[in-house]
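Visitor: Before I ask anything, let me first share the structure, which is written out below as structure tokens.
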Amino acid sequence: MKRVFNPPSVRKPFGNYNHGLLVPPGASLLVTSGQLGIGVDDVIPNDVAAQAELCFKAIDAILEEAGMTFADVIRISGFVTKREDFAAYMAVRDRYTLDPKPVSTLIVVGGFTRPEFLVEVEVTAAKAV
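FYI, numbering that gives the first Met the number 0 numbers position 102 of the sequence shown as 101, with every residue one higher than the one before it.
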């Protein structure tokens, strides 16, 4: 069972995440590569919400293949190209994350390998064996 850490001496999280999670010894660990907003048909949507949806669907498939779910995700790192896209990205993230909420970082970057990419997401998941 993961333990959540949100000490009263630290400002409350800005959104639906926790400041810290402790994973029990012996848990299986899964680390994903960053997933971009591109479908298996190579189509790249024009908006960040649709791209984020593709990122999280890809992560869901990876988790499923590893015998895990979003309940096992302990860390999410999101990267967007525009500060204005925070809310749209976080709305998608919040639909996928489960309790206890993972720790989360969101960073504004100058761009990705192709200019049409607007978001990239990677996760770390842990599951007690």
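Beta carbons: idealized from backbone N, C-alpha and C, even for Gly.
1) Spell out whether any CB of chain D is found under 8 Å from the CB atom of residue 31.
2) Taking the alpha carbon of residue 47 as the point to measure from, which residue in 25, 66 and 89 has its own alpha carbon closest?
3) Give the single residue among 78, 55 and 9 whose Cα lies nearest to the Cα of residue 92.
4) Inspect the beta-carbon positions of residue 131 and residue 115 and report whether they are closer than 8 Å.
5) Which term fits residue 119, buried or exposed, when burial requires 16 or more other beta carbons within 10 angstroms of its beta carbon?
6) Does the beta-carbon of residue 97 have 16 or more other beta-carbons within 10 angstroms, so that it is buried, or is it exposed?
7) Should residue 4 and residue 15 be called a contact, given that it needs their Cβ atoms to be closer than 8 Å?
8) Whole-angstrom Cβ separation of residue 36 and residue 105, contact assumed at under 8 Å?
9) DSSP state of residue 13, grouped into three classes?
10) Per DSSP, which residues does residue 4 bridge with? Please list them.
11) Would DSSP call residue 116 helix, strand or coil?
12) By the 10 Å Cβ neighbour count, where 16 or more other Cβ atoms means buried, how is residue 86 classified, buried or exposed?
13) Using only alpha-carbon positions, find the residue among 83, 27, 53 and 79 that is nearest to residue 94.
14) Would residue 9 be called buried (16 or more neighbouring beta carbons within 10 Å of its own) or exposed?
Guide: Put simply:
1) Here chain D cannot be found, since the structure has a single protein chain.
2) 89
3) 55
4) No answer is possible for residue 131: the residues shown for the chain start at 0 and end at 128.
5) buried
6) exposed
7) no
8) With a Cβ gap of about 15 Å, residue 36 and residue 105 do not count as contacting.
9) coil
10) 19
11) coil
12) exposed
13) 53
14) exposed
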